[in-house]
Each structure stands twice: as structure tokens, then as C-alpha cells.
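Participant: Following this message is one structure expressed as C-alpha cells.
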Amino acid sequence: MAFISSGYNPAKPMEGRITDIGPRHFTDFLPPVLAKNKGAWDYHEILEPGVLLHVGLSGDKVYTVRCGGARLMSVTHIREICDIADKYCGGHLRFTTRNNIEFMVGTVEDAKALKADLNARKFAGGSYKFPVGGTGAGVTNIVHTQGWVHCHTPATDASGTVKATMDVVFEEFQNMRLPAPVRISMACCLNMCGAVHCSDIAILGIHRKPPIIDHESVDNICEVPLAVAACPTGAIRPTKIEFQGKQVNTVAVKNERCMFCGNCYTMCPAMPLADKTGDGIAIMVGGKISNRITTPKFSKVVVPFIPNEPPRWPKMTKVIKKILDTYAGDARKYERLGDWANRIGWERFFEKCDLEFSAHLIDDFRDPAYYTWRQTTQFKF
Amino acid sequence: MAIVEFKSNKFEVDEDGFLLKFEDWNPEWVEYVKESEGIAVISESHQKVIDFLQDYYKKNGIAPMVRILSKVTGYKLKEIYELFPSGPGKGACKMAGLPKPTGCV
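Taken in sequence, the protein lines are chains A and B.
As numbered in this note's numbering, residues 47 to 427 make up the first sequence, in order.
As numbered in this note's numbering, residues 28 to 132 make up the second sequence, in order.
Here you go:
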């Protein structure tokens, strides 16, 4: 398309410039019933999977219908969401912190009709556009990252792995039959954008090979001290080498000290490390952020490596399904996955989930690693 | 990578318009960049910031932290933005010929 100016004048970039106005205030978008009862809610119920009822002290009722979203969406899709909101909700809607979509209506009949409408909408390929669910003790949406769609440091894909996983656990999205909610999260490298470090089940992209150093450009496009300081294990040092007859400043990596975190590539574009066969996925479990009964917990690595198998990642989804099913069958009511594993002991967790325990899972990072070892005779054979 | 020509100079740049080699920098680079960075005239203040960035980079191999830039030049962050509308990273470092800022920017 030919260029169409928005009115911005590149010759006078600061003229008429509006800045620091922040986001719109959320009250601009509240449905009337929420605005009226704000701060005066009495109680709530989950009527059925995906449908919530909140009752205000005034007696006002609001029914919320929650449906899944792919997070990565086109404007066409957002327009369809708006059309639904126009039809049922007076043009109001919201997105949740796990990127589900919520429509609020005034009566239970409207909520039922809306749920039926949402569940009937499908893409040409057959996928549900707006599957209703994600409430209570089930599996809700997967918090995930950019992957191969947009980022330059990923070790795996985000949207692809998430679609493959949600397809496998889809029934749990539409039901509430687990002992407690299970949060699955995904990050495509160990920057861990999002929630993988504190989720019941976490999918994490990892590398297994050290960076390749582009000696020709290190000194030109990198600030070498930053690359050195980026390394958590001190594997990188500055050095001078002879390159194509010239003395160049560059870096050297002690491969036996490198654990392939990729931090140096984040700081220095001349140290790429992505690798088709080397890269893959680690599975972590047992994290949570709520304070309910037990304190928040970090998730722990239980599967050190699963290869990347686009487009459906069958080995990965099989492991996740196995962990989820074992937890669902074995844990007590209200027990989060981490609470369950801690109660039965991690040796039992590995046994029940049929996971292999390898040396990769034993913490060896600095002094705190010691506290993760077992300093007691209490264990089960 | 692209090569830009300006007043008999050839500069090798990346897609964001940063110099690929610090050694390629010369005062005409500043003249070339200023327009795309929304700067009409290079004042003494601009020059002071550019000179300091270059000295610091030559000496330490990194760009200074914003607080160091402010403290040494005496310009508050607000004033640096008035000089370089794109900010110290995209604006001043690019004009000074320093490598492109990296990390989660």
C-alpha cells in the first residue's frame, strides 16, 4: 500500500507530540453492573465449567462466561470478540491474567445462550474459536512467550508447543475434576518470561551446545565486558586472537564451564547458540504463587530434556499428560501438584509418574545447591 | 548489511542504522544521523555527550550506565532526552558510533 500519513510530520518530530498519558483508566470500560457494584460484592459461585456468578450486596447478579484464547490473535479475531460482546454484553468484555476472554451478562439464560454460541464457533480447520472453560479445579490457559514467532533467543516454539499441549489436556479445560487448579506455563528460553518458574507444570526451552563465536564481529557489535559479565558460571573471558591475519579482540568460552544459558547471546549478537538438534525442552513441576495452605513455591526440573518435535511435540505432550493424570488420580482434594509431590516425596513422584531420574536433575549451582540434597535418613525405597 | 553514502563517506550500518564498526566513525556520521534522530543542529551540549560516550567506550569497552552519563556530563535524563529525543541509547550512542544496545530492550 502506498504511504498514508497519520498527520505526523517527520520534519518536526516533536511538534504536536503527546506523551506520558499512560493507559486509559479501567473505569472507562466497566460494564454498568460492575461499575455500580464495585467494591461491594457479596459472594460468588462457579455454576458450571466456564460460567461464574457474582452476587453484589445490593442483590445485583453478574454472570461471567470465560473462554479460551490463543493469545496470539489477528484483528479479525478481536473484531469477532467485539461482535459477540456487542450482541450479548452491551459492548463490554475483558481479558484475564492468563489471556482467557471473559464476557459478562446479566441473566443465567443469557449466560447459557452465550456459552452455546461460543462453543459453536469454529475455525475452518475445526478448532474451537472460543471454547468455554478455564474455571475452578481444571487446567486453564497456558501462559506462554514468543518463540519462533518473534524472539531471537528461543530454544523452542511457544505457540506450537502450547497448541499441542492444550489439545492433549483440552478436556481438563472444559471440566473441573482435578484435585486443585493446574497451571501450565511455557517459556521458550530460560529468561523465563512469564510464569514457568512458579507453575504446576512448566515447559521450558533449553540449549545443549555452547555458543558459536563470530570472532570477526565480536569487538564491533558487542560490548565485550557485558558479555563476560553476562555469564553465570564465569565461562567467558576476553581474549585476543589472530583472525584472517589480523589481531582482533574477542572472547573465549570454556566449553566445560558453559551450561548453555544463552545470556551471552542476549548481550552479544556475535555469540549465537541456537541449534536444531541440540535445542529442546525441559519439564518443571510443582510451583505455585498462591499462599493457600502452603507458601508459594518454585517449580523443579523433573525432565531434563525432550527433543523439539515440531509441529506437535508428541514426546513432550505425552510426559505432560502422564504427570497430569498421575496427579489427578493420586492427589488429595485442594492439593496442588507441588503439595502432592512434597507429601508423597519426590522419589515417589518419579516412581508414580514413571519419569527417569538422572544426574541432570541434581542441583549443582553454587552454594544453595547443597540445600537441595537430602540431609536426612528419611526416604522411601 | 547496508552501506550508506554521505559526503564522500561510506558507512556500513545495520538495519537499525547503527554503525557496524566504531573505527568507521567520523564527525560526518553525526551530520548524517542527526536528521533521522530528530536533531536540527548539533550543539555544544550534543557534542559533549557524544565525546563523553566515545571516551568512555574507548576506555572501558562498554557504553556508560545512564546514571554515569548524567553524573559526568551534568545533564539530567530529562535534558538528555531534550538533546536526543530517541534517548541516550538509540539517539546518543548511535550518533557516537557505539555498538547497538543489547539485552531485553
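Cβ atoms here follow ideal geometry from the backbone N, Cα and C, with glycine treated the same way.
From the DSSP output, in three-state form, read off Asp66 (chain A) for me.
Facilitator: DSSP places Asp66 (chain A) in coil when its eight states are reduced to three.
Participant: Can you name, in chain order, every residue of its own chain whose Cβ lies under 7 Å from the Cβ of Cys239 (chain A), other than the five neighbours on each side?
Facilitator: Within the same chain, Cys239 (chain A) has close Cβ partners Thr191, Ala233.
Participant: Output the residue ranges of the alpha helix (DSSP H) runs that lie fully inside the region 59-129 of chain B and measure 4 residues or longer, sorted by chain position.
Facilitator: As far as the region 59-129 of chain B is concerned, its whole alpha helix (DSSP H) runs of at least 4 residues are 71-87, 93-100, 104-110.
Participant: Does the distance from the CB of Lys158 (chain A) to the CB of Gly96 (chain A) come in under 8 Å?
Facilitator: Their beta carbons are not under 8 Å apart, which means Lys158 (chain A) does not touch Gly96 (chain A) by this criterion.
Participant: Using DSSP's beta-bridge definition, name the partner residues of Arg229 (chain A).
Facilitator: Answer is none; Arg229 (chain A) lacks a bridge partner.
Participant: Are Ile230 (chain A) and Val195 (chain A) touching if we call contact CB-CB under 8 Å?
Facilitator: Not a contact, by the Cβ cut-off of 8 Å.
Participant: Taking 8 Å as the threshold (beta carbon to beta carbon), is Asn53 (chain B) in contact with chain A?
Facilitator: It does not; no Cβ of chain A falls within 8 Å.
Participant: Taking 8 Å as the cut-off, does the region 116-127 of chain A touch the region 213-223 of chain A (at least 3 CB pairs, one atom from each stretch)?
Facilitator: In short, these stretches do not touch, since the Cβ pair count stays below three.
Participant: Identify every residue that forms a DSSP beta bridge with Asp168 (chain A).
Facilitator: It should be noted that the sequence gives Lys, not Asp, for residue 168 (chain A). Note: Lys168 (chain A) sits in a beta bridge opposite A:Tyr174.
Participant: Give the range of the alpha helix (DSSP H) segment to which Lys209 (chain A) is assigned.
Facilitator: Note, Lys209 (chain A): alpha helix (DSSP H), 205-214.
Participant: What span of residues does the alpha helix (DSSP H) with Asn388 (chain A) cover, start to end?
Facilitator: Start and end: 383-390.
Participant: Chain B beta carbons: is any one of them nearer than 8 Å to that of Ile335 (chain A)?
Facilitator: Chain B contact via Cβ: absent.
Participant: Cutting at 8 Å between CB atoms, please list the residues of its own chain near Tyr134 (chain A), excluding the five before and the five after it.
Facilitator: Only Phe149, Val151, Asp156, Ala159, Leu160, Asp163 meet the Cβ criterion.
Participant: Could you tell me whether the Cβ of Leu80 (chain B) comes closer than 8 Å to any Cβ of chain A?
Facilitator: Judged by the 8 Å Cβ criterion, Leu80 (chain B) is not in contact with chain A.
Participant: Taking a cut of 8 Å between CB atoms, which residues from the region 240-271 of chain A lie near chain D?
Facilitator: This model lacks chain D altogether, as its protein chains are A and B.
Participant: For Gly88 (chain B), which of A:Gly308, A:Thr340, A:Asp265 has the nearest alpha-carbon?
Facilitator: Of the candidates A:Gly308, A:Thr340, A:Asp265, the one whose C-alpha sits nearest the C-alpha of Gly88 (chain B) is A:Asp265.
Participant: Could you name the residues of the region 314-331 of chain A whose beta carbon sits closer than 7 Å to any beta carbon of chain B, in the order they occur along the chain?
Facilitator: Within the region 314-331 of chain A, the residues whose Cβ lies closer than 7 Å to some Cβ of chain B are Cys314, Pro315, listed in chain order.
Participant: If you follow the alpha helix (DSSP H) that Thr372 (chain A) is in, where does it begin and where does it stop?
Facilitator: Per DSSP, Thr372 (chain A) belongs to the alpha helix (DSSP H) from 360-376.
Participant: Inspect the CB distances between the region 305-316 of chain A and the region 333-341 of chain A and report whether three or more fall short of 8 Å.
Facilitator: At 8 Å Cβ cutoff, the stretches do not touch.
Participant: Helix, strand or coil for Ala316 (chain A) per DSSP?
Facilitator: Ala316 (chain A): coil per DSSP, three-state reduction.
Participant: Would you mind stating whether His253 (chain A) and Leu319 (chain A) have Cβ atoms separated by less than 8 Å?
Facilitator: Yes. Within cutoff.
Participant: With DSSP as the reference, identify every bridge partner of Gln293 (chain A), one or two as the case may be.
Facilitator: In DSSP, Gln293 (chain A) forms a bridge with A:Glu288.
Participant: Given a cut-off of 8 Å, decide if Gly193 (chain A) and Pro200 (chain A) are closer than it, judged by their beta-carbon atoms.
Facilitator: The answer is yes: Cβ separation under 8 Å.
Participant: Thr312 (chain A) touches chain B at which residues, Cβ-Cβ below 9 Å?
Facilitator: Within chain B, the residues near Thr312 (chain A) are Thr129, Gly130, Cys131.
Participant: Please report the straight-line C-alpha distance between Phe289 (chain A) and Pro128 (chain B), rounded to a whole angstrom.
Facilitator: Taking the straight line joining both Cα atoms gives about 25 Å.
Participant: Suppose the cutoff is 7 Å on Cβ atoms and the five residues either side in sequence are ignored; what does the same chain contact list for Thr100 (chain B) look like?
Facilitator: The residues are Lys75, Val76, Phe79.
Participant: For Tyr311 (chain A), which residues from the same chain have a beta carbon less than 7 Å from its beta carbon, with the 5 sequence-adjacent residues on both sides left out?
Facilitator: Answer for Tyr311 (chain A): Thr199, Pro257, Met317, Pro318, Leu319, listed in chain order.
Participant: Spatial neighbours of Ile329 (chain A) within its chain, please: CB distance less than 8 Å, with the 5 preceding and 5 following residues excluded, ordered by chain position.
Facilitator: Excluding positions up to five away in sequence, the list reads Ile247, Ala248, Ile249, Leu250, Val347, Val348, Val349, Ile352, Met362, Val365, Ile366, Ile369.
Participant: Hey, is Ile142 (chain B)'s beta-carbon within less than 8 Å of any beta-carbon in chain A?
Facilitator: Only positions 28 to 132 of chain B appear in the structure, and residue 142 (chain B) is not among them; the question remains open.
Participant: Taking only beta-carbon positions, decide if Ile30 (chain B) is within less than 8 Å of chain A.
Facilitator: Not an interface residue.
Participant: Using the Cα positions of Ser104 (chain A) and Pro77 (chain A), report the straight-line distance between them to the nearest angstrom.
Facilitator: Near 16 Å, if we compare the C-alpha coordinates of Pro77 (chain A) and Ser104 (chain A).
Participant: Please decide whether Pro59 (chain A) counts as near chain B, where near means a Cβ-Cβ distance under 8 Å.
Facilitator: So, interface residue.
Participant: Which parts of the region 244-285 of chain A are runs of the alpha helix (DSSP H), unbroken and 4 residues or longer, counting only runs that do not cross its ends?
Facilitator: Runs found: 261-267, 270-275.
Participant: With which residues is Thr110 (chain A) paired in a DSSP beta bridge?
Facilitator: In DSSP, Thr110 (chain A) forms a bridge with A:Leu98, A:Met150.
Participant: Please tell me whether Tyr380 (chain A) and Pro227 (chain A) are closer than 8 Å, where the distance is taken between their beta carbons.
Facilitator: The answer is no: Cβ separation not under 8 Å.
Participant: Using C-beta distances below 7 Å, list every residue in its chain close to Val93 (chain B), excluding the 5 sequence neighbours before and after it, in chain order.
Facilitator: Excluding positions up to five away in sequence, the list reads Leu104, Pro115.
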